[in-house]
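Asker: Numbering-wise, my numbering comes out as the position in the sequence shown, counting from 1, plus 381. Using N, Cα and C, we set each Cβ at its ideal position, and we do this for glycine too. Predicted model, so just to flag it, every value in this text is computed and none were measured.
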Amino acid sequence: METWVHAADPDHPMREFLRVLKPGSVVTHVEYEQDMENNLVGRKTTGRQFPLGNIDEKLQNAGFQHLEYQDLSEKVALMMRLFFSLAYTPYLIIHLLLEAYFVNAMAGVELWRHSNDIRLLMVKARKLAVEHSSGYRFRKTAKETEAS
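1) Over what stretch of residues does the alpha helix (DSSP H) that includes residue 392 continue unbroken?
2) For residue 505 versus residue 405, is the C-beta distance shorter than 8 Å?
3) With residue 399 and residue 443 assumed to form a contact (beta carbons below 8 Å), what rounded beta-carbon distance in angstroms separates them?
4) Among the candidates 393, 472 and 502, whose CA atom is the shortest distance from the CA of residue 439?
5) Using the Cα positions of residue 456 and residue 500, report the straight-line distance between them to the nearest angstrom.
6) What separation, rounded to the nearest whole angstrom, lies between the Cα atoms of residue 445 and residue 470?
7) Is DSSP giving residue 509 helix, strand or coil here?
8) Looking at the secondary structure, which residues open and close the beta strand (DSSP E) in which residue 448 lies?
9) Report the residue from 447, 452 and 414 whose alpha carbon sits nearest the alpha carbon of residue 436.
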């Protein structure tokens, strides 16, 4: 899910995910990061919240650890190219007259036009398990309880 790129303050949902997750749990997101030096569109949109490498910093500041990333950009490139070819003519009309009313249609074409400056990441972040005085980091499962 793309959650953080749609938030006015992405730090808030990151903190909320951390708050509601059980210790040891993992949150997984698919998010965009942009190369702000080359991307003029990104510099003037909400994408400026996610320059390259910024998601990692924001997650660590929220309290997540053990971050894992997988770059999905190449895997979605064909789909984005298809969407671009289908949406380009309507995009031209909308761009001239109705841009404010069709943000998603505009975004799809803009993503393809600037695809060299944007990467799509699958991000996994773990909430640390709390060390209890009993020495257990996680609650035992039923099988583990039966075995002991």
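Answerer: So, to answer that:
1) Segment 392-401, the alpha helix (DSSP H) holding residue 392.
2) No, they are not a contact pair.
3) Yes, they are in contact, since the Cβ atoms of residue 399 and residue 443 sit about 5 Å apart, within 8 Å.
4) When only C-alpha atoms are compared, the closest one is 393.
5) Cα to Cα, residue 456 sits roughly 11 Å from residue 500.
6) In a straight line, the C-alpha of residue 445 is about 43 Å away from that of residue 470.
7) Secondary structure at residue 509: coil, using DSSP grouped into helix, strand and coil.
8) 446-452 is the span of the beta strand (DSSP E), which, as asked, contains residue 448.
9) Ranking the options by Cα distance to residue 436, first place goes to 414.
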